[in-house]
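Visitor: In our numbering, the protein residues as written are 155 to 913.
1) Thinking just about the alpha-carbon of each residue, which of 471, 653 and 537 is nearest to the one in residue 823?
2) In whole angstroms, what separates the C-alpha of residue 801 from that of residue 171?
3) Quick one: Cα of residue 905 to Cα of residue 640, how far?
4) With DSSP collapsed to three states, give me the class of residue 788.
5) Cα-Cα, which of 691, 429 and 675 is closest to residue 280?
6) With DSSP collapsed to three states, give me the class of residue 565.
7) DSSP state of residue 370, grouped into three classes?
8) Kindly provide the ranges of any alpha helix (DSSP H) runs that are 4 or more residues long and lie completely inside the segment 306–376, ordered along the chain.
9) Tell me the rounded alpha-carbon separation between residue 508 and residue 158.
10) If you compare alpha carbons, which of 748, 199 and 765 is closest to residue 95?
11) When DSSP labels each residue in this structure, what does residue 165 get in the three-state scheme?
12) Starting from residue 901, follow the alpha helix (DSSP H) in both directions and report where the run begins and ends.
13) Report yes if the C-beta distance between residue 290 and residue 297 is below 9 Å; otherwise report no.
14) Tell whether a beta-carbon distance below 9 Å holds between residue 166 and residue 196.
15) Rounded to whole angstroms, how far is the Cβ of residue 810 from the Cβ of residue 795, which I believe are closer than 8 Å?
16) Once the 5 residues before and after residue 841 are set aside, which same chain residues still bring their CB inside 6 Å of it?
17) Assign residue 586 to one of three DSSP states: helix, strand, or coil.
18) Residues in its own chain within less than 6 Å of residue 411 by CB, not counting five upstream and five downstream?
19) With distances taken from CA atoms, which of 568, 902, 469 and 683 is nearest residue 263?
20) For residue 413, is the classification buried or exposed, using 16 other Cβ atoms within 10 angstroms of its Cβ as the cut-off for buried?
21) DSSP puts residue 436 in a beta bridge; with which residues?
22) Just to confirm the assignment, what range does the beta strand (DSSP E) spanning residue 390 have?
23) Can you have a look at residue 909 and say buried or exposed, based on whether 16 or more other CB atoms are within 10 angstroms of its CB?
24) Thinking C-beta only, is residue 644 closer than 9 Å to residue 276?
25) Check this for me: beta carbons of residue 244 and residue 210, under 9 Å apart or not?
26) Roughly how many whole angstroms lie between the Cα atoms of residue 758 and residue 839?
27) Report the three-state DSSP secondary structure of residue 554 (helix, strand or coil).
28) Relative to the alpha-carbon of residue 366, which residue among 783, 861, 573 and 388 has its alpha-carbon at the smallest distance?
29) Using a 10 Å radius around the Cβ and a threshold of 16 neighbouring Cβ atoms, would you call residue 655 buried or exposed?
30) For residue 613, name the three-state secondary structure that DSSP assigns.
31) Apart from the five residues on each side of it in sequence, which residues of its chain come closer than 7 Å, Cβ to Cβ, to residue 314?
32) How about residue 827 and residue 805: do their beta carbons lie closer than 9 Å?
33) Helix, strand or coil: which one does DSSP assign to residue 216?
34) Use the C-beta contact count for residue 895: other C-beta atoms within 10 angstroms, 16 or more gives buried, fewer gives exposed.
35) What's the gap between the Cα of residue 465 and the Cα of residue 884?
36) Just to check my reading of the structure: residue 870 and residue 888 have Cβ atoms closer than 8 Å, yes? What is that Cβ distance to the nearest angstrom?
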């Protein structure tokens with residue numbers, strides 16, 4: 155055997171990132187390894203925080219110091235030894251950039267290939283490939299500059315005509331009377347700041363709203379004055395709406411109406427690009443097709459001069475269909491994809507790649523997938539492996555664990571109770587191992603012998619959002635309703651788009667929680683307020699001392715716990731603050747105790763420990779205990795109170811929001827895939843929580859693919875039969891038992907197989 159062939163393992167020795175307790179594992183290369191364990195057991199710390207992070211850091215170090223200066227800094231993970239690493243490609247569930255110029259087509263190179271095909275075969279030709287791109291001046295519609303929309307501004311949302319500038323007439327966020335944004339208007343000399351806007355002359359109104367950039371002096375400083383409308387256009391309309399803070403986004407939605415550009419009809423392209431056709435179809439029409447239809451159309455295009463390119467484009471489009479994304483179109487904005495859809499779109503880029511011997515690292519690739527689509531996803535993971543790559547997957551679904559060549563099970567519990575390797579070996583070995591994952595691998599929820607009787611119904615009539623085909627359905631109230639169907643069948647369109655928002659409806663999704671690295675579960679849930687008050691009362695000092703963002707902050711790191719050092723050309727580094735040792739508070743604040751703990755020790759507690767701490771004894775605190783009980787109820791007992799929100803997964807964020815909403819008086823709860831990121835053992839706990847909500851008189855509507863949740867439902871609404879224009883109709887409504895008996899739909903067949911395994 156050649157010496158070069160002996161490096162067939164990735165070896166990790168003494169990993170201590172986050173909660174890992176000196177973990178050592180050997181992972182076979184060019185195989186599919188699945189990492190299992192309860193939420194918070196340390197899977198991500200091992201796979202992403204240690205293996206992927208070090209691989210990325212070592213690659214970054216190969217660049218020149220100049221190039222490294224433009225990269226984010228990566229500290230070396232806390233591990234004794236890592237050997238046999240390969241280049242890591244991380245395919246995660248981070249939403250794709252919400253840039254309005256980025257579409258599914260531009261993000262996967264499908265657009266680039268299609269543009270070349272049109273430049274060669276289109277009649278009449280518009281020129282080279284870039285003349286078919288809406289992101290270049292040569293191809294973009296001149297009116298909307300390739301955006302596809304034009305905007306109108308409602309002036310009444312910008313200012314109050316009855317007030318003067320000095321009286322606060324401008325109602326735009328950030329425009330305060332004493333702020334420089336307003337002062338530049340007041341001091342411009344073009345109008346009287348004390349005169350109500352309705353009394354402005356025509357000239358004054360024009361200068362106020364539309365005046366072109368002009369130099370003015372404000373307190374002896376040269377400034378550029380510009381009318382309010384162009385100022386608003388630059389400040390708000392040229393930025394991406396999805397990246398804005400909620401209150402600014404709400405203002406833009408109120409003040410601005412976007413309509414399809416009248417010149418290009420929303421296609422974003424100029425007339426020459428739109429006039430060029432292949433078989434009667436132009437490039438905008440091709441990009442607007444459902445990808446499964448576009449794949450068929452490309453099959454019919456034949457020309458030897460571009461045959462290899464057509465074959466590659468064909469493979470890319472077929473991959474979309476195979477991976478369960480055939481219902482998308484290439485023109486779909488990439489920022490509108492869900493986390494699961496974004497992950498699968500990124501995967502398509504890698505399937506066509508010529509790279510081999512790299513590590514592909516996936517974070518729950520089955521999120522948002524119907525059991526039918528999971529089979530296809532498994533096939534793709536195996537294809538990546540068979541090309542000679544190492545595939546590492548963090549996963550909870552038994553269908554994907556089953557295809558692993560090697561399994562690493564972490565645990566036994568979460569947080570401080572996790573961080574050790576409970577099992578390494580084959581799937582069969584895991585089954586026999588007796589670990590929590592091993593015991594639950596063949597767990598099956600049983601169908602209910604007795605389903606609840608609805609207390610009423612929520613009527614949806616004539617729903618046509620997205621692909622829904624004039625759907626009429628009665629959603630039963632007072633029971634547990636599960637809405638299911640393949641990805642893209644219309645579940646979210648029906649529930650989020652048709653159930654009226656407002657009184658009594660609490661909608662909990664997996665969208666990111668806006669917050670900085672200073673935000674944590676204690677600040678987000680409002681738990682910090684009763685804790686600070688309790689510390690203040692016990693020690694007879696002011697509550698602000700017990701906030702790391704206020705009076706109690708360590709002066710050296712300003713309460714961040716770490717010092718960020720910018721090394722100019724070199725990559726910056728984050729080091730633990732020497733003064734507070736990462737505790738974030740001044741030393742004097744840590745002398746104040748509640749019970750026998752200081753504030754930093756309380757914030758380091760996991761939820762379950764804090765719940766006991768505030769339940770009885772000297773720290774007894776009913777408001778704090780109530781919030782903690784709700785956090786434990788939704789399966790977040792392992793989170794520490796001070797863990798940064800930026801480190802939470804999509805499923806954890808949703809359950810954190812659910813914990814907050816449980817305190818509200820809502821009558822109807824709408825949950826979007828609440829099993830995301832949940833271990834099989836935790837799914838049982840979630841089912842118990844859903845039961846308690848219904849038994850307390852709530853109506854619970856769950857959009858879900860997890861077969862255990864379907865089996866547990868009182869009523870199922872199945873949407874399909876397929877995705878995109880092949881979906882959008884109700885294919886079944888009734889009890890799970892009836893669905894299993896009839897096996898009439900795709901969901902019914904999978905559910906029947908699932909419960910058939912129950913002895």
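Cβ coordinates follow ideal geometry from the N, Cα and C atoms, glycine included.
Guide: Per the coordinate set shown:
1) Closest option to residue 823, Cα to Cα, is 653.
2) 13 Å
3) 13 Å
4) coil
5) 429
6) Three-state result, residue 565: strand.
7) strand
8) 334–340 and 356–364
9) 21 Å
10) Look at the range of the chain in this structure, 155 to 913, and you will see that residue 95 is not part of it.
11) strand
12) 900–910
13) no
14) no
15) With 8 Å as the limit, residue 810 and residue 795 do not qualify as a contact, their Cβ atoms being about 12 Å apart.
16) 866
17) helix
18) Same-chain partners within the cutoff: 306.
19) Among 568, 902, 469 and 683, the Cα nearest to that of residue 263 is on 469.
20) exposed
21) 431
22) No beta strand (DSSP E) contains residue 390, which DSSP labels as neither H nor E.
23) buried
24) Not a contact, by the Cβ cut-off of 9 Å.
25) yes
26) So the alpha carbons of these two residues sit roughly 25 Å apart.
27) helix
28) 388
29) exposed
30) strand
31) 323 and 325
32) yes
33) coil
34) Residue 895 should be labelled exposed.
35) Each residue's alpha carbon lies about 37 Å from the other.
36) 7 Å
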